Amino acid sequence: MADDLDDLARLLAVPVDGLSDAELLAAVRQAERIRAVSRERTGRLLAEMHARGRSWPQIARETGIRQTTAYGWAQPYLAADGDDER
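Heads up, the final residue of the sequence shown is numbered 70 in our numbering, and it's a clean run with no missing numbers.
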């Protein structure tokens, strides 16, 4: 992922209208890969916050992420204990 970040930073160091079509497409693809990895990491972190006893409203207040969004991102990583609606 560090290489993706470096490549994206290089591509975006010039004005976007100065990118070729191929460079623009490469930048979009790299940005999407980075976004997907970031979303997964955030979901895992939110699930861990919940596993440590924080409620979804508390997580929302502390992180600034809407409660429904935080739950949605964390849901794939929550323990299957039936108590994840807290």
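By construction, the Cβ of each residue, glycine as well, lies at the ideal position given by its N, Cα and C atoms.
Here the structure is a predicted model, which means the values were calculated and not measured.
- For Asp(-12), the enclosing alpha helix (DSSP H) starts and ends at Ala(-14) to Leu(-4).
- If only uninterrupted alpha helix (DSSP H) runs of at least 4 residues are considered, those enclosed by the stretch 28 to 65 are 40 to 47 and 51 to 58.
- In this structure, DSSP gives Leu3 a state outside helix and strand, which the three-state scheme calls coil.
- Sequence-distant Cβ neighbours of Arg38 in its own chain, meaning closer than 8 Å and more than five residues away, are Glu46.
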